[in-house]
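J.: Residue 402 in the numbering used here sits at position 402 of the sequence shown, with consecutive numbering throughout.
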Amino acid sequence: MELEGLGTVFLGAPEMLLDSEVPEAREALERGARVLVLALSQEKLDHHKPQKPSDIQALALLEILDPIREGAAETLDYLRSQEVGLKIISGDNPVTVSSIAQKAGFADYHSYVDCSKIIDEELMAMAEETAIFGRVSPHQKKLIIQTLKKAGHTTAMTGDGVNDILALREADCSIVMAEGDPATRQIANLVLLNSDFNDVPEILFEGRRVVNNIAHIAPIFLIKTIYSFLLAVICIASALLGRSEWILIFPFIPIQITMIDQFVEGFPPFVLTFERNIKPVEPNFLRRSMLRALPSALMVVFSVLFVKIFGSSQGWSELEISTLLYYLLGSIGFLSVFRACMPFTLWRVLLIVWSVGGFLATALFPRIQKLLEIATLTGQTLPVYGVMMLVFTVIFILTSRYQAKK
1 MELEGLGTVF LGAPEMLLDS EVPEAREALE RGARVLVLAL SQEKLDHHKP QKPSDIQALA
61 LLEILDPIRE GAAETLDYLR SQEVGLKIIS GDNPVTVSSI AQKAGFADYH SYVDCSKIID
121 EELMAMAEET AIFGRVSPHQ KKLIIQTLKK AGHTTAMTGD GVNDILALRE ADCSIVMAEG
181 DPATRQIANL VLLNSDFNDV PEILFEGRRV VNNIAHIAPI FLIKTIYSFL LAVICIASAL
241 LGRSEWILIF PFIPIQITMI DQFVEGFPPF VLTFERNIKP VEPNFLRRSM LRALPSALMV
301 VFSVLFVKIF GSSQGWSELE ISTLLYYLLG SIGFLSVFRA CMPFTLWRVL LIVWSVGGFL
361 ATALFPRIQK LLEIATLTGQ TLPVYGVMML VFTVIFILTS RYQAKK
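Shown next as structure tokens:
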């Protein structure tokens with residue numbers, strides 16, 4: 001700013017305006033203060049080609065201290081305990097940032113770099129190992145995020161200013177403060193309405209709850225997807241073979257599937273999705289869910305083929321075959337429900353009792369039996385059901401234990 005009769009007044013960082021280091025400024029930086037220097041020059045400022053005057057003189061130092069938010073240390077400790085890599089990217093002097101980070105309990109406060117003194121290639125090489133980046137330009141913030149992503153990291157960034165926009169857009173998850181610039185709120189994935197960084201662990205908890213619970217109950221849903229596809233392929237293939245005695249009609253009618261969905265794939269998974277689950281998310285959850293569902297789906301396919309062939313050879317009626325398959329389908333599904341409810345708690349046991357009890361009550365109620373086109377298990381079908389479920393249970397336990405070890 002130019003003042004007539006006085007000269008041009010400057011206000012900015014000492015290292016940007018002065019040629020030599022001011023000891024008092026260095027001491028203030030090490031205390032964690034932001035330092036500004038008020039300086040004067042007799043040269044006029046060229047607004048078209050601004051540059052630092054040669055005769056600039058310091059008049060005063062301004063020391064600004066911001067209190068550390070309560071709970072900051074606990075939040076940082078928790079994130080570190082959850083193996084979340086923490087980095088501080090700031091436009092302030094790295095010495096100031098390092099001092100503040102130390103007071104806040106940041107473990108790697110000693111690992112910092114002044115980004116105004118390095119080129120992009122050097123910054124990219126230091127991105128993974130360095131914890132604190134000071135004097136960072138908007139372009140450099142974006143470059144740091146890009147480098148971390150290329151290294152295989154999932155990145156989340158918090159910010160509140162216009163200078164953070166490029167990096168926020170580049171990050172996998174952008175978190176901004178409600179008190180920040182409106183432009184950052186427009187591009188953010190999450191906005192902290194109370195502008196409190198201490199809410200980040202709760203965000204982490206909620207994300208883990210959703211992903212972990214979906215992964216936990218996904219095998220229950222995938223069982224029907226897999227066995228329906230396999231049975232459909234078998235039914236179509238049997239029809240294309242052209243021999244009437246080989247034709248396999250899809251064994252379940254829609255109302256049977258709907259009733260089983262109610263007690264196996266409907267209510268139990270719905271309730272389990274609301275449980276708190278904050279353990280770290282395991283990778284490849286879709287692949288793991290498919291593998292966990294596959295044994296049960298193959299049991300259903302085997303049951304259909306075996307019961308159809310064995311029942312026909314024993315002279316069973318279509319009603320007996322349909323009834324046995326209905327009970328087998330429901331029971332195989334309940335094996336996955338039992339696994340999803342482990343370890344058992346009182347609430348989970350009540351959930352199992354309600355589901356199994358509801359399934360049996362509807363299957364044994366005469367009017368509903370007529371609707372489902374089933375009957376009661378007979379002296380011929382009951383032993384077959386018992387033996388098959390015993391074998392299936394053993395196979396299910398063994399495969400579950402094997403998959404848990406991998």
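Virtual Cβ for every residue (Gly too), placed ideally from N, Cα, C.
Below 8 Å on the Cβ atoms is my guess for residue 333 versus residue 257; work out the distance and round it to an integer in Å.
T.: In fact, because the Cβ distance is near 11 Å, the residues do not count as touching under 8 Å.
J.: Assuming residue 175 is part of the alpha helix (DSSP H), what are its boundary residues?
T.: Membership of residue 175 in any alpha helix (DSSP H) is not indicated; the residue belongs instead to the beta strand (DSSP E) covering 173-177.
J.: Residue 380: buried (16+ other C-beta within 10 angstroms of its C-beta) or exposed?
T.: exposed
J.: Tell me the rounded alpha-carbon separation between residue 39 and residue 98.
T.: 26 Å
J.: Nearest to residue 281 by alpha carbon, out of 170, 209, 269 and 188?
T.: 209
J.: How many Å lie between residue 369 and residue 216 at the Cα?
T.: 32 Å
J.: Looking at residue 336: is its Cβ nearer than 9 Å to the Cβ of residue 220?
T.: yes
J.: Taking only the alpha-carbon atoms, compute the straight-line gap between residue 58 and residue 37 and give it to the nearest angstrom.
T.: 7 Å
J.: Which residue spans inside the region 106-185 form an unbroken beta strand (DSSP E) run of at least 3?
T.: Secondary structure within the region 106-185: the beta strand (DSSP E) runs of 3 or more consecutive residues, fully enclosed, are 112-114, 132-134, 156-159 and 173-177 (chain order).
J.: Indicate the three-state DSSP secondary structure (helix, strand or coil) for residue 331 in the structure shown.
T.: helix
J.: So which of 240, 179, 277 and 359 has the shortest CA-CA distance to residue 267?
T.: If we check each option's Cα against that of residue 267, 359 comes out closest.
J.: If you scan the region 195-244 from start to end, which runs of the alpha helix (DSSP H) of 4 or more residues do you find wholly inside it?
T.: Within the region 195-244, the complete alpha helix (DSSP H) runs of at least 4 residues are 200-240.
J.: Which ranges does the alpha helix (DSSP H) cover as unbroken runs of at least 4 residues, wholly within the region 244-315, from first to last along the chain?
T.: 254-260, 267-272 and 285-313
J.: Going by the beta-carbon positions, is the gap between residue 22 and residue 65 smaller than 9 Å?
T.: no
J.: Under 8 Å from any heavy atom of the ligand SAM, does the C-beta of residue 327 make it?
T.: As presented, the structure is devoid of all ligands, the ligand SAM included, so that no description of it is given.
J.: Take residue 234 and list the residues in its own chain whose beta-carbon comes closer than 7 Å to its own, dropping the five residues that flank it on each side.
T.: 248
J.: Within 10 angstroms of its Cβ, does residue 409 collect 16 or more other Cβ (buried), or is it exposed?
T.: Residue 409 lies beyond the stretch modelled for the chain, which goes from 1 to 406, so this question has no answer here.
J.: Just confirm the distance between the C-beta atoms of residue 197 and residue 158, as a whole number of angstroms; I'd bet it's less than 8 Å.
T.: 7 Å
J.: Would you identify the three-state DSSP class for residue 10, choosing helix, strand or coil?
T.: strand
J.: Whose CA, out of 90, 121, 132 and 96, lies closest to the CA of residue 108?
T.: 132
J.: Need the endpoints of the beta strand (DSSP E) that residue 63 sits in, please.
T.: According to the DSSP assignment, residue 63 belongs to the beta strand (DSSP E) that extends over 57-64.
J.: Answer yes or no: do residue 492 and residue 96 have a C-beta to C-beta separation smaller than 9 Å?
T.: Any answer about residue 492 is impossible in this case: the structure gives the chain only from 1 up to 406.
J.: Please state if the CB of residue 292 and the CB of residue 222 are separated by a distance shorter than 9 Å.
T.: yes
J.: Excluding sequence positions up to five away, which residues of its chain have a Cβ less than 7 Å from the Cβ of residue 11?
T.: 36 and 38
J.: What separation, rounded to the nearest whole angstrom, lies between the Cα atoms of residue 348 and residue 262?
T.: 17 Å
J.: Put residue 54 into one of helix, strand or coil per three-state DSSP.
T.: coil
J.: At least one CB of chain B closer than 9 Å to the CB of residue 341: is that the case?
T.: Here there is only one protein chain, and chain B is not present.
J.: Quick one: residues in its chain with C-beta nearer than 7 Å to the C-beta of residue 339, no 5 flanking neighbours on either side, listed in chain order?
T.: Taken in chain order, the residues that qualify are 400.
J.: Taking 9 Å as the threshold (C-beta atoms), are residue 160 and residue 179 in contact?
T.: yes
J.: Roughly how many whole angstroms lie between the Cα atoms of residue 33 and residue 104?
T.: 14 Å
J.: Taking a contact to mean a Cβ-Cβ separation below 9 Å, would you say residue 227 touches residue 162 in this structure?
T.: Contact: no.
J.: Between residue 364 and the rest of its own chain, which residues show a CB-CB distance below 8 Å, the 5 nearest in sequence each way excluded?
T.: 376
J.: In angstroms, rounded to a whole number, what distance separates the CA positions of residue 73 and residue 122?
T.: If you take the alpha carbons of residue 73 and residue 122, they lie about 30 Å apart.
J.: Quick one, which of 41, 240 and 231 has its alpha-carbon nearest residue 251's?
T.: With distances taken between Cα atoms, residue 251 lies closest to 231.
J.: Going along the chain, which residues of its own chain have a beta-carbon closer than 6 Å to the beta-carbon of residue 254, five neighbours each way excluded?
T.: Within the same chain, and ignoring the five residues on either side of residue 254 in sequence, no residue has its Cβ closer than 6 Å to its Cβ.
J.: Pull up the distance between the alpha-carbon of residue 171 and that of residue 89, whole angstroms please.
T.: 13 Å
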